[in-house]
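*Asks:* Just dropping this structure here.
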Amino acid sequence: MSSSFHASTVDWLGGWIAAGQVKPGQTIKVEADLGEQLGVSRTVIREAIKTLVAKGMLEVGPKVGTRVLPVRRWNLFDPQVVGWLSRSGLPENFVDDLLDLRRTIEPMAVRWACERATADQVQAIRLAYHALERAVDSGADYNRADQFFHECILAASHNQFIEQMVPALGALLAVSFEVSAADPDELRRTLPIHKDIAEAIAARDATRGVWACMTLIDNADLAIKRFYPDVMAGRTDNAGKAGNRRF
């Protein structure tokens, strides 16, 4: 039960901060006030704050109290942090920076996958593509299938730094996919590009694979610029509505 309270409290506080309820540089309520509001003990609040300090969202000091740090100090490779930001409506510059990150990492990951992927990994990428194809036809969770396809490629790069970043990159990719997929024609339009990437990796054709990957990201950029305001509008309307909650 204590672990459940801790997880729920961390989630509430993280979402509350990410929604902008407390601005960077401001201090949050004292432990007793938060504990009373959430219906948990001071110990639970204290441990939750420690978790958010570790994520770079808060700092604690004897003279400053518990203060919110700027977003640039947050661990943006932490999937939970990305989730909280996404839940509240991502700033457009965040999505732009995410596209820059994709352009930096994914084409090289595709190139290395062309050169280094094992036979099993090539097969996994093919299967992931077929799952993507079925998702388009069936209306299933395309975003999750898309995310898995890209995660398979990142893993096949055989770069230990990229491999360790896969969980975080997966969460970041999910944000990009959700926004770009708001274009109703985007899914079928980009499916052949995904196929090109999968076939290029199977054929060990790095030039074709990198070109297809860059084309895919450029398409996502265009779709995001068109549909970003509509996708984020619903989330922004709900931002800041972290009401009184008891666990």
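Numbers given in the working numbering equal positions in the sequence shown, counted from 1, plus 658. By construction, the Cβ of each residue, glycine as well, lies at the ideal position given by its N, Cα and C atoms. Every value quoted in this text rests on a predicted model; they were computed, and no experiment measured them.
With C-beta atoms as the reference, is V702 less than 8 angstroms away from T667?
*Replies:* Working through the sequence shown from its first residue, we reach residue 702 at position 44. Working through the sequence shown from its first residue, we reach residue 667 at position 9. Going by C-beta atoms, V702 is nearer than 8 angstroms to T667.
*Asks:* What are the partner residues of G723, as DSSP defines its beta bridges?
*Replies:* Locating residue 723 in the sequence shown gives position 65, counting from the first residue. DSSP, once it has assigned bridges, lists G719 as partnering G723.
*Asks:* Less than 6 angstroms between C-beta atoms, sequence neighbours within five positions excluded: which residues of the same chain meet that for F806?
*Replies:* Along the sequence shown, one-based indexing puts residue 806 at 148. Answer for F806: A786, listed in chain order.
*Asks:* Which residue or residues does DSSP assign as beta-bridge partners of T685?
*Replies:* One-based indexing of the sequence shown puts residue 685 at position 27. According to DSSP, which records beta bridges pairwise, T685 is partnered with R725.
*Asks:* Nearest CA to the CA of T709: which residue from S661, K681, L756, D754?
*Replies:* Counting from one through the sequence shown, the residue named residue 709 turns up at place 51. Of S661, K681, L756, D754, the residue nearest in Cα terms is S661.
*Asks:* Compute the distance between the beta-carbons of L716 and L727, then report whether it is under 8 angstroms.
*Replies:* Counting from 1 along the sequence shown, the entry for residue 716 is found at position 58. Counting from 1 along the sequence shown, the entry for residue 727 is found at position 69. Yes, the Cβ-Cβ distance between L716 and L727 is below 8 angstroms.
*Asks:* What does a CB cutoff of less than 7 angstroms around A826 pick up in its chain, not counting 5 residues either side in sequence?
*Replies:* Within the sequence shown, the letter at position 168 stands for residue 826. Result list for A826: F735, D736, P737, in chain order.
*Asks:* For D778, count the other beta carbons within 10 Å of its own beta carbon; 16 or more makes it buried, fewer makes it exposed. Which is it?
*Replies:* Sequence index remark: in the sequence shown, residue 778 carries index 120 (1-based). It is exposed - the Cβ of D778 has fewer than 16 other Cβ atoms within 10 Å.
*Asks:* Taking all protein chains shown into account, do 16 or more other C-beta atoms lie within 10 angstroms of the C-beta of T685, making it buried, or fewer, making it exposed?
*Replies:* Translated into the one-based positions of the sequence shown, residue 685 becomes position 27. Answer is exposed; the Cβ neighbour count stays below 16.
*Asks:* Just the C-alpha distance for T776 and E791, rounded to the nearest angstrom, thanks.
*Replies:* In the sequence shown, counting from the first residue as 1, residue 776 sits at position 118. In the sequence shown, counting from the first residue as 1, residue 791 sits at position 133. When rounded, the distance between both Cα atoms is 23 angstroms.
*Asks:* Just to confirm my understanding: we take V740, look at its own chain, exclude 5 residues before and 5 after, and list those with CB closer than 7 angstroms. What are they?
*Replies:* Indexing the sequence shown from 1 puts residue 740 at position 82. The answer, listed in chain order, is L734, A829, L830, V833.
*Asks:* Can you tell which of M766, V729, L759 has the C-alpha that lies nearest to the C-alpha of L748?
*Replies:* For the purposes of this step, residue 748 is identified with residue 90 of the sequence shown, where counting begins at 1. With distances taken between Cα atoms, L748 lies closest to V729.
*Asks:* Got a sec? Which residues, its chain only, sit under 6 angstroms from A782 by beta carbon, not counting five neighbours each side?
*Replies:* Within the sequence shown, the letter at position 124 stands for residue 782. Excluding residues within five positions, the ones whose Cβ falls inside 6 angstroms are C810.
*Asks:* With DSSP run on the structure shown, which of helix, strand or coil describes F928?
*Replies:* The structure shown does not extend to residue 928, since the chain is modelled only from 659 to 905, so the question has no answer here.
*Asks:* Among the residues of its own chain, which have a CB less than 7 angstroms from the CB of I707, if the five just before and after it don't count?
*Replies:* Here residue 707 corresponds to residue number 49 of the sequence shown, with the count starting at 1. So the qualifying residues of the chain are L716, V718, T724.
*Asks:* Taking just the CA atoms, how far does D754 sit from A665?
*Replies:* Residue numbering aside, residue 665 sits at position 7 when the sequence shown is read from its first letter. Residue numbering aside, residue 754 sits at position 96 when the sequence shown is read from its first letter. If I take the Cα positions, the gap works out to 31 angstroms.
*Asks:* Leaving out five residues on either side along the sequence, give the residues of the same chain with a beta carbon under 7 angstroms from the beta carbon of W732.
*Replies:* Counting from one through the sequence shown, the residue named residue 732 turns up at place 74. Only K713, G714, M715, V739 meet the Cβ criterion.
*Asks:* Tell me which residue opens and which closes the alpha helix (DSSP H) that K708 is part of.
*Replies:* By one-based count along the sequence shown, residue 708 stands at place 50. Its alpha helix (DSSP H) spans residues 700 to 712.
*Asks:* Under the assumption that V794 contacts L849 (Cβ atoms under 8 angstroms), give the Cβ distance between them as a whole number of angstroms.
*Replies:* In the sequence shown, residue 794 corresponds to position 136, counting from 1. In the sequence shown, residue 849 corresponds to position 191, counting from 1. Rounded, the Cβ-Cβ distance is 6 angstroms, consistent with contact.
*Asks:* The ligand FMN heavy atoms versus the CB of V726: any closer than 7 angstroms?
*Replies:* Absence of the ligand FMN from the depicted structure is noted, as is the absence of any ligand whatsoever, leaving it without description.
*Asks:* If you run the structure through DSSP and keep just helix, strand and coil, what is A786?
*Replies:* Taking the sequence shown and counting its residues from 1, the one referred to as residue 786 is at position 128. Note: A786 maps to helix in three-state DSSP.
*Asks:* From V824, L874, M823, pick the residue whose C-alpha is nearest to that of A856; which is it?
*Replies:* Indexing the sequence shown from 1 puts residue 856 at position 198. The candidate whose alpha carbon is nearest that of A856 is L874.
*Asks:* Please list, in chain order, all residues of the same chain as D879 whose beta carbon is under 6 angstroms from its beta carbon, the five residues on each side excluded.
*Replies:* Position 221 of the sequence shown, counting from 1, holds the residue named residue 879. These residues qualify, in order along the chain: L757.
*Asks:* My assumption, with CB atoms under 8 angstroms, is that A771 sits in contact with A814. Please give the rounded CB distance.
*Replies:* As a working mapping, residue 771 is identified with position 113 in the sequence shown. As a working mapping, residue 814 is identified with position 156 in the sequence shown. Right, the Cβ-Cβ distance comes to about 4 angstroms (below 8 angstroms), so this counts as a contact.
*Asks:* Is R769 close to chain C? Criterion is C-beta to C-beta, closer than 8 angstroms.
*Replies:* Here chain C cannot be found, since the structure has a single protein chain.
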